[in-house]
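The structure appears right after this line, and notes come after that.
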Amino acid sequence: MDNRPIGVFDSGLGGLTAVRELQRLLPGEDIIYFGDTARVPYGGRSRDTLVRYARQDVAFLRTFDLKAIVIACGTVSTTALDVLTEENDIPIWGVVEPAAEAAARSTKNGLVGLIGTQATIRSGAYERRIAAEAPGVRVLSRACPLFVPLVENGRFRPGDVVAETVAAEYLEPFQDAGVDTLVLGCTHYPLLTEVIGNCMGPGVTLVNVGEKCARRVAERLGGMAALAEPGRRGESRYYVSDSVEDFSRLASIFLRQDVAAEVTQVDIWRY
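Read in order, the letters of the sequence shown correspond to residues 112 to 382 in the numbering used here.
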């Protein structure tokens, strides 16, 4: 047993899709979450900038005595996971592998759609992993840069005309191609699940990268005998690099619990 916390980080609010699933699967685990809200979105940044930001995010989290770190960010997972893994002596896991494997298993017609940030799509990481899992699967990918700012501004609910208009434009090529599986390749995107699902229709499986990542984390911690002791109640603390109030408001809506008292602002440039 290992009662040390799990560290989780993302560019902003999106990583809470992984946190929510971790809290559901592993209610005894303590979680330290960092959202780099001052520098969101990450998706249009260069690889050098992303690596620098990711190193700072990990350096902050490592001020706590953690047993593992989860990169709940598709962009960092596709561009900096190898660097972070090499530089750190605790397990660091990203979102790509479990989501890509789930997509490869899900598709029936061999046509998988992938949406993500510009950096994620540019990396080709999902395509490589899906090809390794199922060589015959064809992947159609598209960057959707407006989705992250929509989510960060609370514009992710069905009936929001702006969100629905943007989604319809981004998703039209996937509808035309007839994909039967769509990977939401950024942890912000599952917050738009209803909007995206309404566009794609009930015949398309949506792969939630945050959910798949959380399930893999639970499996790996169990395999390492590193789960928290049975019967304990885990606690979550949240840290952000910008406004506590804005994050607290949206996080409380999404997590369905008031997190305002657990949110602290930090100066990420110190790390």
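We put the beta carbon where it would ideally sit given N, CA and C, even for glycine. The structure presented is a predicted model; accordingly, all values stated were derived computationally and were not measured.
For this session: With DSSP as the reference, label Leu332 as helix, strand or coil.
Result: The answer is helix: DSSP assigns Leu332 an H, G or I state.
Exercise. With Arg115 and Asp176 assumed to form a contact (beta carbons below 8 Å), what rounded beta-carbon distance in angstroms separates them?
Worked result: Indeed, because the Cβ distance is near 5 Å, the residues count as touching under 8 Å.
Problem set entry | Same chain, Cβ closer than 6 Å to Ala211, five either side skipped, listed in chain order | Around Ala211: Tyr237, Arg240, Ile241.
Problem set entry | Local Cβ density within 10 Å of Trp392, reported as buried at 16 or more and exposed below that | Nothing can be reported for residue 392: it is not among the residues displayed for the chain, which extend from 112 to 382.
Problem set entry | Touching by the beta-carbon criterion (3+ pairs, under 8 Å), the stretch 252-265 and the stretch 320-334 | Because the criterion of three Cβ pairs below 8 Å is not met, the stretch 252-265 and the stretch 320-334 do not touch.
For this session: Jot down the residue ranges of each uninterrupted beta strand (DSSP E) in the stretch 262-331, minimum 3 residues, whole runs only, in chain order.
Result: List check, beta strand (DSSP E) in window: 292-295, 316-319.
Exercise. Where does Ala183 sit, in a helix, a strand or coil, going by DSSP?
Worked result: For Ala183, the secondary structure class from DSSP, reduced to helix, strand or coil, is coil.
For this session: With DSSP as the reference, label Ser122 as helix, strand or coil.
Result: Ser122 falls in the coil class under three-state DSSP.
Problem set entry | For Val250, the first and last residue of its enclosing alpha helix (DSSP H) | Per DSSP, Val250 lies in no alpha helix (DSSP H) segment; the continuous beta strand (DSSP E) that holds it begins and ends at 249-254.
For this session: Report, in whole angstroms, the separation of the C-beta atoms of Pro301 and Thr128, which I expect to be a contact under 8 Å.
Result: Separation of the CB atoms of Pro301 and Thr128 is rounded to 4 Å, and the pair is thereby assigned contact status at 8 Å.
Exercise. Expressed to the nearest angstrom, what Euclidean distance is found between the alpha-carbon atoms of Thr86 and Ala230?
Worked result: With the chain covering 112 to 382 only, the question about residue 86 has no answer from this structure.
For this session: Would you be able to state if there are at least three C-beta pairs under 8 Å between the stretch 155-162 and the stretch 264-279?
Result: Flag = no, the stretch 264-279 and the stretch 155-162 do not touch.
For this session: Take Leu172 and list the residues in its own chain whose beta-carbon comes closer than 7 Å to its own, dropping the five residues that flank it on each side.
Result: Gly118, Phe120, Ile143, Phe145, Ile180.
For this session: Pull up the CB-CB distance for Leu222 and Asp287, whole angstroms please, since I reckon it's below 8 Å.
Result: For Leu222 against Asp287, the beta-carbon gap comes to about 11 Å, at or over 8 Å, which does not count as contact.
Problem set entry | Spatial neighbours of Ala149 in its chain, beta-carbon cut-off 6 Å, leaving aside the 5 residues before and after | Here Ala149 has Ser352, Asp353 as same chain residues with Cβ atoms under 6 Å from its own Cβ, once five neighbours each way along the sequence are excluded.
Problem set entry | Secondary structure of Gln376, DSSP reduced to three states | Three-state DSSP puts Gln376 in a strand.
Exercise. Using a Cβ-Cβ cut-off of 6 Å (strictly less than) and excluding sequence neighbours within five positions of Ile203, which residues of its own chain qualify?
Worked result: Once the five neighbours on either side are set aside, the close Cβ partners of Ile203 are Ile180, Leu195, Thr196.
For this session: Compare the C-alpha of Leu136 against each of Thr375, Gly125, Leu338, Glu373 and name the closest.
Result: Nearest in C-alpha terms to Leu136, of all of Thr375, Gly125, Leu338, Glu373, is Leu338.
For this session: Could you work out which residue in Gln368, Arg367, Gly342, Val374 is closest to Asp357 when comparing CA atoms only?
Result: Of the listed residues, the one whose Cα sits closest to Asp357 is Val374.
Exercise. With burial defined as no fewer than 16 other Cβ atoms inside 10 Å of the residue's Cβ, what is the status of Val272: buried or exposed?
Worked result: It is exposed - the Cβ of Val272 has fewer than 16 other Cβ atoms within 10 Å.
Exercise. Can you list, in chain order, the residues of its chain whose CB lies under 8 Å from that of Val318, leaving out five sequence neighbours each side?
Worked result: Excluding residues up to 5 positions away in sequence, Ala210, Ala213, Ala214, Ser217, Thr292, Leu293, Val294, Leu295 lie with their Cβ nearer than 8 Å to the Cβ of Val318 in the same chain.
Exercise. Which residue's Cα is closest to the Cα of Gly321: Arg166, Gln134, Val248, Gly126?
Worked result: Here the closest residue by C-alpha is Gly126.
Exercise. For Val355, which residues does DSSP report across the bridge?
Worked result: The partner list for Val355 (beta bridge, DSSP) is empty, contrary to what the question assumes.
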